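Trainee: Numbering (the numbering used here), first residue to last: 984 to 1157.
Here a beta-carbon is modelled for each residue, glycine too, at the ideal position from N, C-alpha and C.
Note that the coordinates shown come from a computational prediction; the quantities given were computed from them, not determined experimentally.
The structure follows.
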């Protein structure tokens, strides 16, 4: 079952990232055009492809560390935190490439793309990606679950990432 869970995660991760981009790229492109950007679709797609390459490189570089900690019996919560950190660093790399690319367009070509738009889009993108990842969990199987589990969460609210965050916040009294 561990091999099946790993294979499922290997398929889920690119699906999550692809669906996030399919969902969010049109807004990035259209809002850029609405504020006077000269960004062409081909250039925008190349920029995002470069960002995806950075994300993949970071994840590939950190995967051996996650595998090591998984193999030496690190507690489940530790694996989740490690995976969260790895994916967070990978997303930071992806978004840094996007922001640097837009900055280069602005500086070298006098493009009208505003930095605040990239940052606002980043928040939307991270929200969409978080929800997709939550909906497609588990990526790492909980030790108490012995059978293969393709998708977790049974109830309607359990499939909402932001509901989980709200509940966790209440639990810690914030």
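1) Whose C-beta lies closer than 8 Å to the C-beta of residue 1003 among residues of the same chain, with five residues either side of it excluded?
2) Between the segment 1025-1038 and the segment 1071-1078, do three or more beta carbon pairs fall short of 8 Å?
3) Using beta-carbon positions only, say whether residue 1081 and residue 1101 come within less than 8 Å of one another.
4) So residue 1096 and residue 1001 are supposed to be a Cβ contact under 8 Å. How far apart are they, rounded?
5) Please identify the residue among 1008, 992 and 993 whose C-alpha is closest to the C-alpha of residue 1103.
6) Out of curiosity, what's the CA-to-CA distance linking residue 1083 and residue 1040?
7) Using the Cα positions of residue 1011 and residue 1005, report the straight-line distance between them to the nearest angstrom.
8) Apart from the five residues on each side of it in sequence, which residues of its chain come closer than 6 Å, Cβ to Cβ, to residue 1085?
9) Is the beta carbon of residue 1049 closer than 8 Å to that of residue 1065?
10) I'd like to check one pair, residue 1045 with residue 1069: are the Cβ atoms closer than 8 Å?
11) Go ahead and label residue 936 buried or exposed: buried means 16 or more other beta carbons lie within 10 angstroms of its beta carbon, across all protein chains shown.
12) What is the DSSP secondary structure of residue 995, counted as helix, strand or coil?
13) Considering only the alpha carbon of each residue, which of 1105, 1154, 1120 and 1149 lies closest to residue 1014?
14) Return the CA-CA distance between residue 1152 and residue 1099, expressed in angstroms with no decimal places.
Mentor: Quick look at the numbers:
1) Taking the first residue of the chain shown as position 1, residue 1003 is located at position 20. Counting only Cβ-Cβ distances below 8 Å, and skipping sequence neighbours, we find 1108, 1111, 1112 and 1115.
2) yes
3) For the purposes of this step, residue 1081 is identified with residue 98 of the chain shown, where counting begins at 1. For the purposes of this step, residue 1101 is identified with residue 118 of the chain shown, where counting begins at 1. Cβ atoms of residue 1081 and residue 1101: closer than 8 Å.
4) Along the chain shown, read from residue 1 onward, the residue named residue 1096 stands at position 113. Along the chain shown, read from residue 1 onward, the residue named residue 1001 stands at position 18. 24 Å between Cβ atoms; not a contact.
5) The count along the chain shown starts at 1 and reaches residue 1103 at position 120. Nearest option by C-alpha distance: 1008.
6) Residue 1083 sits at position 100 when you count from the first residue of the chain shown. Residue 1040 sits at position 57 when you count from the first residue of the chain shown. Computed Cα separation, rounded: 17 Å.
7) The residue you call residue 1011 lines up with position 28 of the chain shown. The residue you call residue 1005 lines up with position 22 of the chain shown. Near 11 Å, if we compare the C-alpha coordinates of residue 1005 and residue 1011.
8) Taking the chain shown and counting its residues from 1, the one referred to as residue 1085 is at position 102. These residues qualify, in order along the chain: 1096 and 1101.
9) As a first step, residue 1065 must be located in the chain shown, where it is residue number 82. As a first step, residue 1049 must be located in the chain shown, where it is residue number 66. Result yes, Cβ atoms of residue 1065 and residue 1049 sit closer than 8 Å.
10) Taking the chain shown and counting its residues from 1, the one referred to as residue 1069 is at position 86. Taking the chain shown and counting its residues from 1, the one referred to as residue 1045 is at position 62. Taking 8 Å as the Cβ cut-off, residue 1069 and residue 1045 qualify as a contacting pair.
11) Residue 936 is absent from the model: the chain starts at 984 and stops at 1157.
12) As a first step, residue 995 must be located in the chain shown, where it is residue number 12. It is helical.
13) Sequence index remark: in the chain shown, residue 1014 carries index 31 (1-based). Answer by Cα proximity: 1105.
14) One-based indexing of the chain shown puts residue 1152 at position 169. One-based indexing of the chain shown puts residue 1099 at position 116. Going from the Cα of residue 1152 to the Cα of residue 1099 covers about 28 Å.
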